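In full-length UniProt numbering, the protein residues as written are 1 to 209.
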């Protein structure tokens with residue numbers, strides 16, 4: 001029996017990677033802030049929320065950024081670029097996050113103290129590379145929320161992992177602990193995005209028994 005698609009299923013189906021954008025479309029900064037704030041409901045490792053954002057909506061800066069973006073046209077023609085950064089010193093925020101959990105009544109003090117101690121001990125005991133890998137995973141989780149929220153508000157997006165991350169970090173003088181993860185172009189599609197196929201479902205799913 002074919003069931004009617006839910007609003008979320010329809011939204012996920014309608015989201016496409018758009019690379020051609022209408023010129024002259026300005027997205028209010030308040031709208032972008034709203035999208036990003038709502039996206040922070042995404043899960044993260046130990047709830048350490050290692051994502052940071054840099055929004056580039058100045059036309060000249062986007063034009064310059066296109067060079068570091070391997071000349072991808074959407075970097076310049078979209079309304080804005082949202083750079084998702086990963087903080088690989090995320091454990092240094094464990095106390096702030098868990099103190100707030102106590103203040104808001106989400107957990108008792110003893111549980112918060114245990115979470116703080118565990119996070120500081122565990123994450124400080126692994127390498128920068130391992131923490132960066134964790135930040136990559138968490139950046140992916142919030143990135144998907146950003147593009148779905150954007151679509152729900154009438155905007156199109158494309159996620160770009162291919163750009164000169166070292167050049168980007170140098171240009172925007174990022175601190176050493178903030179690692180560029182992906183760029184998200186956001187704007188209004190100038191033409192319908194191309195559909196894309198998916199592998200047969202039975203090829204990608206297996207039950208353990």
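C-beta: ideal position from N, C-alpha, C; glycine also.
All values derive from a computational prediction rather than experimental measurement.
Would you tell me roughly how many angstroms separate the C-alpha atoms of residue i and residue j, rounded to the nearest one?
| i | j | result |
| --- | --- | --- |
| residue 160 | residue 185 | 8 Å |
| residue 57 | residue 90 | 27 Å |
| residue 158 | residue 145 | 13 Å |
| residue 127 | residue 24 | 45 Å |
| residue 76 | residue 66 | 6 Å |
| residue 46 | residue 196 | 35 Å |
| residue 79 | residue 101 | 36 Å |
| residue 28 | residue 22 | 16 Å |
| residue 117 | residue 175 | 25 Å |
| residue 104 | residue 199 | 44 Å |
| residue 43 | residue 133 | 15 Å |
| residue 92 | residue 122 | 11 Å |
| residue 202 | residue 120 | 42 Å |
| residue 173 | residue 167 | 10 Å |
| residue 208 | residue 20 | 43 Å |
| residue 147 | residue 156 | 8 Å |
| residue 114 | residue 125 | 16 Å |
| residue 107 | residue 41 | 17 Å |
| residue 110 | residue 96 | 15 Å |
| residue 9 | residue 206 | 22 Å |
| residue 26 | residue 11 | 23 Å |
| residue 129 | residue 30 | 34 Å |
| residue 131 | residue 204 | 29 Å |
So, under 8 Å CB-CB, residue i and residue j are touching, yes? Tell me the CB distance rounded to an integer number of Å.
| i | j | result |
| --- | --- | --- |
| residue 149 | residue 38 | 6 Å |
| residue 88 | residue 135 | 5 Å |
| residue 112 | residue 48 | That pair is no contact at about 14 Å. |
| residue 35 | residue 55 | Contact flag wrong, Cβ pair sits at about 10 Å. |
| residue 138 | residue 51 | 6 Å |
| residue 171 | residue 73 | Contact flag wrong, Cβ pair sits at about 19 Å. |
| residue 70 | residue 163 | 6 Å |
In the DSSP output, which residue or residues are listed as bridge partners for residue i?
| i | result |
| --- | --- |
| residue 86 | 51, 179 |
| residue 94 | According to DSSP, residue 94 bridges with nothing at all. |
| residue 184 | 82, 159 |
| residue 189 | 21 |
Entirely enclosed alpha helix (DSSP H) segments - the region 22–57, minimum 4 residues: Listed in chain order, the alpha helix (DSSP H) elements of length 4 or more contained wholly in the region 22–57 are 29–39.
contact_flag[the region 170–186, the region 79–88] where n(CB pairs < 8 Å) is 3 or more: Yes, they touch.
Sufficient close CB pairs (3 or more, under 8 Å) joining the region 58–65 to the region 1–13: Verdict: no, contact absent.
Stretch-stretch touch, CB-based, cutoff 8 Å, three pairs: the region 189–207 with the region 10–18: Touching, yes, given that three or more Cβ pairs across the two stretches are closer than 8 Å.
Secondary structure, alpha helix (DSSP H): runs of 4+ residues fully inside the region 123–182: You should have 128–152, 165–171.
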